[in-house]
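A.B. asks: In this text, residue positions in the sequence shown follow this note's numbering: the first is 2, and each later residue adds one. The following block contains the structure, expressed as structure tokens.
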Amino acid sequence: MAAGVVLTACGGGGAAAPEGPPESLVLGLVPSAEVDQLVLDADQLAELLSAELGIPVEPVVSDSYAALVVAMQTGQADIGLFGPIALVQSVDQAGAVPILQSVRRDSPSYHTQWMTNDPAKYCTTPVVQATNPEGNTFNYCNGTDTATAGPVGEDAIGAIAEGDTVMFVDEGSASGYYYPATQIQEITGIDPLTGIDAQFAGGHPNSVLAVARGDVAVGVSFDDARNDVFEEDPEIGSKVTVFAWSPEIPNDGVSVRGELPEETRTAIADAMTAVIATPEGAAAFDAVYSIEGLVPADLDQLDVARQVAANFGG
């Protein structure tokens, strides 16, 4: 069955009563890149999940995380793949139950990287070059070349002054806005909503390129978005220096409607874990969201994400 693009954020009623075992399920996703390709990739993933669960799974591509949260609330979607902030919102606003978190680079979490083209200002240690797990050689300072988890180099964020321009990614992005803006507030005391010139690149690679071009002195992205522009600009490694990391952010994850029976929720988690363990399933999850593995949702990390979102009224 071809994935539809039908879910929009249009509000809805309250939670439904507990249900019996479903005869079919709707899997909701949100585009992170090109919509048409996600539709095709979602179809393949849904087919594999359907075969594992023994009931039809219909993939539906929503137009935003907000719309997918509403879809979970109103029963239009049973399973949702969410970014970390939206995953928390699906729990708090739609009564969903988080069941799984994604694994990438052998970790269920990631962090914001702070980047600059002015290391003299933001590096308190010498700039070093190191080769990352993807085999690309990049510039680092303040311990970001050897660290395994954030936060790292946070003191350097204190060099940001009132009125400075910072290139963020998107106002709905955990690593591209929520977490780094929180760091600015906590470390400098500057209100990130009013005290800096916040710009939004519209994508993590775009933020990297803005720093590389010299459009801004400081930008943020996920770690390590420089990989995504290496072919476009082979000199990115020397143009952009990573000088700090945010605290760890839970990876995107999976939640299911709270009204589904507990045995169904468990079956969905088991099915996803089983599917990704197969070559076909691994390829399908990678194609959808570059997911390399799945582990049980870390509720403590999600609570940190909830607190970060609350600072912005999320």
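Think of the CB as a built atom: it goes at the ideal place given N, C-alpha and C, for glycine as much as any other residue. Since this is a predicted model, take the numbers as computed values, not measurements.
Decide if the stretch 181 to 199 is in contact with the stretch 274 to 281; the criterion is three or more beta carbon pairs, one per stretch, under 8 Å apart.
C.D. replies: Contact between the stretch 181 to 199 and the stretch 274 to 281 is absent, because fewer than three Cβ pairs lie under 8 Å.
A.B. asks: Name the one or two DSSP bridge partners that F169 has.
C.D. replies: For F169, which the question treats as bridged, DSSP gives the partners F201.
A.B. asks: Using beta-carbon positions only, say whether H112 and G151 come within less than 8 Å of one another.
C.D. replies: Result yes, Cβ atoms of H112 and G151 sit closer than 8 Å.
A.B. asks: Between the stretch 193 to 208 and the stretch 139 to 151, can you find at least three pairs of beta-carbon atoms closer than 8 Å?
C.D. replies: Flag = no, the stretch 139 to 151 and the stretch 193 to 208 do not touch.
A.B. asks: Under DSSP, the alpha helix (DSSP H) around F313 begins and ends at which residues?
C.D. replies: Note, F313: premise wrong, no alpha helix (DSSP H); not H, not E.
A.B. asks: How is Q90 classed by DSSP in three states: helix, strand or coil?
C.D. replies: If DSSP states are grouped into helix, strand and coil, Q90 belongs with the helices.
A.B. asks: Candidates E53, E59 and G55: which alpha carbon is nearest D42's?
C.D. replies: Looking at the Cα atoms, E59 is the closest of the given residues.
A.B. asks: Which term fits R106, buried or exposed, when burial requires 16 or more other beta carbons within 10 angstroms of its beta carbon?
C.D. replies: Result: exposed.
A.B. asks: Nearest-angstrom Cα distance between S51 and G81?
C.D. replies: Going by the C-alpha atoms only, they are around 15 Å apart.
A.B. asks: Please report how far the alpha carbon of Y180 lies from the alpha carbon of P85, in whole angstroms.
C.D. replies: Cα to Cα, Y180 sits roughly 11 Å from P85.
A.B. asks: Could you check whether T117 and A218 sit closer than 8 Å to each other, using their CB atoms as the reference points?
C.D. replies: Cβ distance < 8 Å, so A218 and T117 count as in contact.
A.B. asks: Can you find the residues in the same chain that come closer than 6 Å, C-beta to C-beta, to G173, ignoring five residues on each side of it along the sequence?
C.D. replies: Excluding sequence neighbours, G173 sits near nothing in its chain.
A.B. asks: State the start and end residues of the unbroken beta strand (DSSP E) segment that holds Y141.
C.D. replies: Start and end: T138 to Y141.
A.B. asks: When the Cα of V167 is compared with those of P127, N137, A211 and D146, which residue comes out closest?
C.D. replies: Nearest C-alpha to V167: A211.
A.B. asks: With DSSP as the reference, label Q302 as helix, strand or coil.
C.D. replies: Reduced to three states, the DSSP call for Q302 is helix.
A.B. asks: Using the rule of at least 16 other Cβ atoms within 10 Å of the residue's Cβ for burial, across every protein chain shown, is G21 buried or exposed?
C.D. replies: So G21 counts as exposed.
A.B. asks: Taking just the CA atoms, how far does V209 sit from I237?
C.D. replies: In a straight line, the C-alpha of I237 is about 8 Å away from that of V209.
A.B. asks: Determine whether the beta carbon atoms of F83 and G254 lie at a separation below 8 Å.
C.D. replies: Yes. Within cutoff.
A.B. asks: Would you list the residues sitting across from F83 in a DSSP beta bridge?
C.D. replies: For F83, which the question treats as bridged, DSSP gives the partners G254.
A.B. asks: Does DSSP put V209 in a helix, a strand or coil?
C.D. replies: In this structure, V209 counts as helix in the three-state DSSP scheme.
A.B. asks: Who are the near neighbours of T265 in its chain, counting only those whose CB is closer than 7 Å to its CB and skipping five residues on each side?
C.D. replies: Closer than 7 Å at Cβ, skipping near neighbours: P22 and P23.
A.B. asks: Less than 6 Å between C-beta atoms, sequence neighbours within five positions excluded: which residues of the same chain meet that for A182?
C.D. replies: Contacts found: P193.
A.B. asks: Identify the continuous beta strand (DSSP E) that holds P99 and give its terminal residues.
C.D. replies: First-last of the beta strand (DSSP E) with P99: V98 to V104.
A.B. asks: What is the rounded straight-line gap between the Cα of G96 and the Cα of V170?
C.D. replies: Rounded to the nearest angstrom, the two C-alpha atoms are 28 Å apart.
A.B. asks: Taking the CB atoms as reference points, tell me whether I250 and A199 lie closer together than 8 Å.
C.D. replies: In this structure, A199 does not lie closer than 8 Å to I250 by Cβ.
A.B. asks: Less than 7 Å between C-beta atoms, sequence neighbours within five positions excluded: which residues of the same chain meet that for A160?
C.D. replies: These residues qualify, in order along the chain: K122 and Y123.
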